[in-house]
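Going down the list, the sequences are from chains E and B.
Just so we're aligned, residue 1 is where the first sequence starts under my numbering, counting upward by one.
Just so we're aligned, residue 1001 is where the second sequence starts under my numbering, counting upward by one.
These notes concern the structure reproduced below.
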Amino acid sequence: MKEIYLDNSATTRCFPETADRMHRIYLEDYGNPSSMHHKGVEAEQYVREARRILAGILKVGDKDLVFTSCGTEADNIAIIGAAQAGMRRGRHLITTRIEHPAVLESMRYLEKQGFEVTYLPVDRYGLVDPAAVAEAVREDTLLVSIMHTNNEIGAVEPVEEIGRLIKARNPKTLFHVDAVQGFGKARILPRRMKIDLLSASGHKIHGPKGVGLLYIAQGVRVLPQIYGGGQQGGMRSGTENVAGIAGMAMSAQMLYRDLEGDNARLTRMRETLQRGLTEIGQVTINGPAGQEDAQPGTAAPHILSVTVPGVRAEVMLHALEDRGIYVSSGSACSSNHPHPSDTLQAIGASRDALDSTIRLSLSVMNTEEEMEETVQAFKELVPQLRRFTRH
Amino acid sequence: MVRTYGRVYVECQSDYDYEEVTEALQCVFGISGICPVKETGIVSPEELAATVTQFVLDEYPDGTHTFKMHTRRSNKNYPLDSQEMNAELGHALLEASDRFRVDVHTPEIMVTVEIREDRICMYSHVIPGPGGLPVGVGGKSMLLLSGGIDSPVAGYMIAKRGVKIDAVYFNAPPYTSERALQKVIDLASQIARYTGTIWLHNINFTDIQLYIYEKCPHEELTIIMRRYMMRIAEYLARQNECLGLITGESIGQVASQTLTALGVTGEVCTLPVFRPLIGFDKEEIVTVSKKIGTFETSILPYEDCCTIFVAKHPVTRPRLDVIKRHEENLADKIDELFEEAIRTDEILIVDKNGSRVVKHREDPMPGSMEQENG
């Protein structure tokens, strides 16, 4: 059966070129970058090149990047490490109600350690009000953490404006951006956007799993969370995941080659889905995508969250799966425990809507034809599934 | 492994296998106790006394203890009889250390020395075995296995009485997920540590379920559905030489497990239905479930086919005549759907290490499924 993979916000298929390069590193250039001999130097070159590529994309210094094991680890180091380093200056943190668990749980951990956290609400499209962020910043606010792109509904937060307002209010307050969903889809320039800490992940951008990236602006103090051999300037001990790091950089480079062209194509595909799916009775879109009154630029090109009343999301998911179409019910990270989505609750979705919401997330590997087939599948399946419901 | 009267000797291949071996033996029904023994050849009473003394000193390197020597002599050619040996052995230990005192009524340590034809064994620890009867001596039964807490425990309990287990799971894609099936396979694999290899029948129940949903009153959906599950399970049971059906039902636990409902459900079967948990409270079932290691898997939150269309107020006192009358609404298609469900049976062989499919849904039903089993 043909496969239509529309769960790219959960993870992506690796670019074949990236996989080839990693294969070569595993089998031939397998040295430890810390070794003194040639094998080590060779491996170090890969890491150095990856640093250069990724720093080039973000327009930051090579030395400002730390490689981690995943996006979650990058978020943890950024939030917990910055809080620990700055706790004498203050104990107040700010975030939003729609962050990824990697951020929310780090915040909850810090609350237990005696920090105070402000959780900001979002509007019905999942957007944070920059003025509200500024207002929440106090003298003792250490850090503000706001995601670039929401993983469930594709809301793109106004991080540039938020960064500017935070610094105007309190220049000492650090700004962390979880860009796991935004990196590879948007041009993110930490220096211009006044971002001090930025997290990204390899496997969301057609790179490998097991690698993440943290940008730490010069002069920002963050305490390491993993201690050991002092690799990466002591910021993140542990032998570098050379193949993973090289793979992540290579995939990022490929994605940023024609980002605007790709995004235009992704947006067109998303619009095809949007148009087709909303032709089905009562189907609605969550988040800013396709909403007439939403600010331009607030919808990610690749994420579409749809509510199909009368059909439980999990059933819809499995029915689509039978036709080779892979989607997600809510956010894949939390679909194992039936905890209702924080994001959907924060935008005011009803209890029934929470149970009937499907996320489709696209990548550059998808095609317009696949979108049409998907719409067709929905149009056939929804009426069938609506015949049988729980009373 | 060597068998003698009343004893099975299991020899470890190296010292390091000890924990693994005792753990495995604790899963073998029919074993009442496991005694890690020290063995010697046939030696003189003096030499034996020295060996036993050293054995006790090694086993109990510190503290003071009361003890009793218990010699069993099946080798009647041995120079001293049991009574004389007890005295000899006790004397030697008392001489060797002042940490031990004799207490023949309630000793802390019972040192058993078995003098057999070709060897002498000594032990002082008895690890309780799982009891029961060896699996297979009691024939075979078909377990209705859901993803819940109860059915794996029910299977375990019947297997304990020496009954080999086959299992049937009712799958309802797309309403249930692949993970729900994986969960059931995992549960089967966990109880297979006790029951041995399980043949798991994965029946696609969706069409039957939807047909009942369309044709019968909603409050009766669960009860009618369960009657069809029993019918299918019984069909598979007969096909696979099972002598009964096993369910995890317990009186009053849910609407379909009232006495009336159990009567109506069981009415479709002619084979006996074994319900080993019938008088158990939920907490008691959970205790066994934790003991046999299925609890953590059972509580994973995947929906099974019993919950997907459940009515808000299902009937608790169904009347057999009414149910039968409503089942007549199914006359048009039900036989065809029943045959289809059997024909598309997916069969997996599950053991403690995992599973493999031996018949895919589209494969024809083999003449006799028993052949491959050997």
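Built from N, CA and C at the ideal position, the CB exists for glycine as well.
Since the model is a prediction, treat every value here as computed from it, not as a measurement.
Contact note: H203(E) does not reach chain B at a C-beta cutoff of 8 Å; the least C-beta distance is about 21 Å. Closer than 8 Å to the CB of P1318(B) there is not a single CB belonging to chain E. Counting the other CB atoms within 10 Å of its CB gives Y1016(B) a total below 16, which places it among the exposed residues. Cβ neighbours of A55(E) within its own chain (closer than 8 Å, five residues either side excluded): G61, D62, D64, L65. Along the region 253–305 of chain E, the beta strand (DSSP E) occurs as fully enclosed runs of 3 or more residues at 284–286, listed in sequence order. Shown here for F183(E): same chain residues with a beta carbon closer than 6 Å to its own, the five before and five after excluded, namely A200 in chain order.
For the region 308–323 of chain E, the beta-carbon criterion of a distance under 9 Å to any beta-carbon of chain B is satisfied by R312, E314, V315, M316, L317, H318, A319, L320, E321, D322. Scanning the region 1018–1055 of chain B from its first residue to its last, the whole alpha helix (DSSP H) runs of 4-plus residues come out as 1018–1025. A straight-line Cα-Cα distance of about 54 Å links G212(E) and D1062(B). The beta carbons of R1193(B) and K1352(B) sit closer together than 8 Å. Against chain E, a Cβ distance below 9 Å from P1173(B) picks out H318, A319, E321, D322. Not a single CB atom of chain E sits nearer than 8 Å to the CB of Y1123(B). Counting only the Cα atoms, H1326(B) lies some 34 Å from K1140(B).
Where S145(E) is concerned, there is no enclosing alpha helix (DSSP H), although the beta strand (DSSP E) around it starts and stops at 141–147. Neighbourhood of Y1213(B) in chain E, by CB distance below 7 Å: F388, in chain order. Per DSSP, K1164(B) lies in no alpha helix (DSSP H); the unbroken beta strand (DSSP E) holding it starts and ends at 1164–1171. Non-local C-beta neighbours of R1119(B) in its own chain, meaning closer than 8 Å and more than five positions away in sequence, comprise E1039, T1040, G1041, I1042, ordered along the chain. L1145(B) sits away from G1132(B), with the two beta carbons spaced by 8 Å or more.
For H203(E) and M1001(B), the gap between their C-alpha atoms comes out near 51 Å.
Nearest C-alpha to E321(E) among L360(E), L142(E), E111(E), H148(E): L360(E).
Counted as a single uninterrupted DSSP element, the alpha helix (DSSP H) harbouring S1189(B) occupies residues 1178–1195.
L143(E) and D342(E) have their C-alpha atoms some 21 Å from each other.
Under the 10 Å beta carbon count, P1301(B) is surrounded by fewer than 16 other beta carbons and is classified as exposed. By the Cβ neighbour-count rule, C1012(B) is exposed, with fewer than 16 other Cβ atoms within 10 Å of its own. L1210(B) belongs to the set of residues whose beta carbon lies under 8 Å from a beta carbon in chain E. The beta-carbon distance between S1355(B) and G1147(B), rounded to whole angstroms, is 15 Å. This is too long to meet the 8 Å contact definition. Secondary structure note for N1204(B): its beta strand (DSSP E) is the uninterrupted segment 1198–1204. Ranked by Cα distance from G163(E), the first of T173(E), S9(E), V156(E), G154(E) is T173(E). G86(E): not part of any beta strand (DSSP E); member of the alpha helix (DSSP H) spanning 82–86, first to last residue. Residues of the region 1171–1198 of chain B whose Cβ lies closer than 9 Å to any Cβ of chain E, in chain order: P1173, P1174, Y1175, T1176, S1177, E1178, R1179. V1037(B) is not a Cβ neighbour of M1110(B), given a cutoff of 8 Å. The beta carbon of M250(E) sits closer than 6 Å to those of T18, R21, all from its chain and outside the five residues before and after it, given in chain order.
Linking I53(E) to D262(E) through their CA atoms gives a straight-line distance of about 19 Å. By the 16-neighbour rule on beta-carbons within 10 angstroms, T95(E) is buried. Rounded to the nearest whole angstrom, the C-alpha separation of Q376(E) and E135(E) is 47 Å. Nearest to T1066(B) by alpha-carbon distance, out of L1093(B), L1048(B), L1245(B), is L1093(B).
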